[in-house]
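Here the sequence shown stands for residues 0 to 279, numbered as in numbering that gives the first Met the number 0.
From the three backbone atoms N, C-alpha and C, an ideal C-beta is built for every residue, glycine too.
Shown next, in structure tokens, is the structure this report addresses.
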Amino acid sequence: MPPFPSQPRPGFFNPCHIIAGLWKNRHLVWQFTLRNVEIRHKGSHLGLLWSFLTPLLTFGLYMLVFGFIFRGRFGVVPNETRMEFALALFIGISIVQLVVEVIGTSPMMIVTQPNFVKKVVFPLEILPVAGVGASIFHFFIALGIAVFGVALAGGGLTWSALWIPIIMLPIVLLAFGLGWLISAFGVFLRDIGQAAQFFGQVLMYASAVMYSVKIIPHAAWIFLRFNPLLQAVVLSRNALLWHRPLNLIALAYLYAFGLTAFVLGSAFFQKLKPTFADVL
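Written out as structure tokens, the structure reads:
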């Protein structure tokens with residue numbers, strides 16, 4: 000009896016196949032993720048310490064500028080303090096920055112590694128995954144600062160904070176899907192790197208990071224409500240800072256969007272991967 004094929008049939012994509020491949024090469028994924036984290040601060044005197052200092056200094060800047068100078072308020076809870084406003088702002092920016100960073104770094108993820116592309120046995124899909132992993136590492140640090148701030152001066156933590164990992168899982172899936180999709184596009188269209196920077200800025204303003212969703216005009220809300228990052232920002236603020244009930248419909252939409260992006264991004268990458276060597 001002939002052996003069963005180890006690869007999916009041509010024209011058929013099974014997302015479980017790429018997940019199994021990542022698990023099989025998990026040690027390689029870990030090594031490349033650590034390398035991406037180290038490269039970011041290579042040559043600096045403080046090194047990895049900047050991973051903690053940057054979000055901490057950013058939080059202090061937001062609190063000074065938007066909390067004390069502009070006296071910003073989201074108006075979700077009564078008697079909102081400047082610290083609570085700064086924490087809400089920081090939570091939103093940290094979530095959006097995770098995806099924006101992936102969008103900004105992914106276009107060159109494959110292009111800058113031609114030696115790996117030419118190795119037939121090398122699993123190229125781990126390169127975007129490692130890039131996303133480095134972004135997730137920095138997000139966890141920012142999230143830790145936000146949690147500490149809420150516990151210390153933001154009204155304290157409640158059991159609703161346990162929703163945060165559940166809320167963030169589809170955003171992580173979205174990040175992986177975008178990483179595969181954009182890195183594959185970047186091989187064929189080098190201009191995508193410049194467009195990605197602009198699109199990242201658009202996402203920042205379209206995700207209700209610096210303003211309350213209450214002030215969004217109805218005509219704009221018809222479109223903005225489909226932005227998964229906006230929904231993730233609102234859900235995370237409600238769960239971690241404002242202790243409001245979770246919107247299960249919004250959470251279900253997040254999972255539908257994240258899973259779809261993950262499957263489509265991985266399928267697109269696998270479809271184009273055999274042609275990378277010819278282009279590079």
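Judged by DSSP secondary structure, Glu83 falls within the alpha helix (DSSP H) whose first and last residues are 81-104. Between Phe267 and Leu172, the C-beta spacing is not below 8 Å. Taking 8 Å as the upper bound for CB-CB distance, Leu97 and Ile135 are in contact here, some 7 Å apart. The criterion of a C-beta distance shorter than 8 Å is not satisfied by Ser235 and Gly74. Going by beta carbons, Leu180 and Ala205 fall outside the 8 Å limit. The region 149-156 and the region 52-68 do not touch, with fewer than three beta-carbon pairs separated by less than 8 Å. A distance of 8 Å or more separates the beta carbons of Leu279 and Val128. When Val208, Val201, Ser105 are compared, the shortest CA-CA separation from Gly176 is found for Ser105. Counting only runs of 4+ residues, the alpha helix (DSSP H) found wholly inside the region 221-256 occupies 227-236, in chain order.
DSSP places Asn13 outside both helix and strand once states are collapsed to three, so it counts as coil.
For Ile221 and Ile215, the gap between their C-alpha atoms comes out near 10 Å. By the criterion of at least three beta-carbon pairs nearer than 8 Å, the region 106-114 is not in contact with the region 237-255.
With a threshold of 16 other beta carbon atoms within 10 Å, Thr32 meets it and is buried. If you check the CB distance, Leu202 and Val76 do not come in under 8 Å. If you draw a straight line from the Cα of Leu188 to the Cα of Gln230, it is about 31 Å long. Ranked by Cα distance from Ala87, the first of Ile18, Ala145, Leu126, Pro54 is Ala145. Approximately 11 Å separates the beta-carbon atoms of Ile102 and Gly185; this is outside 8 Å, ruling out the contact.
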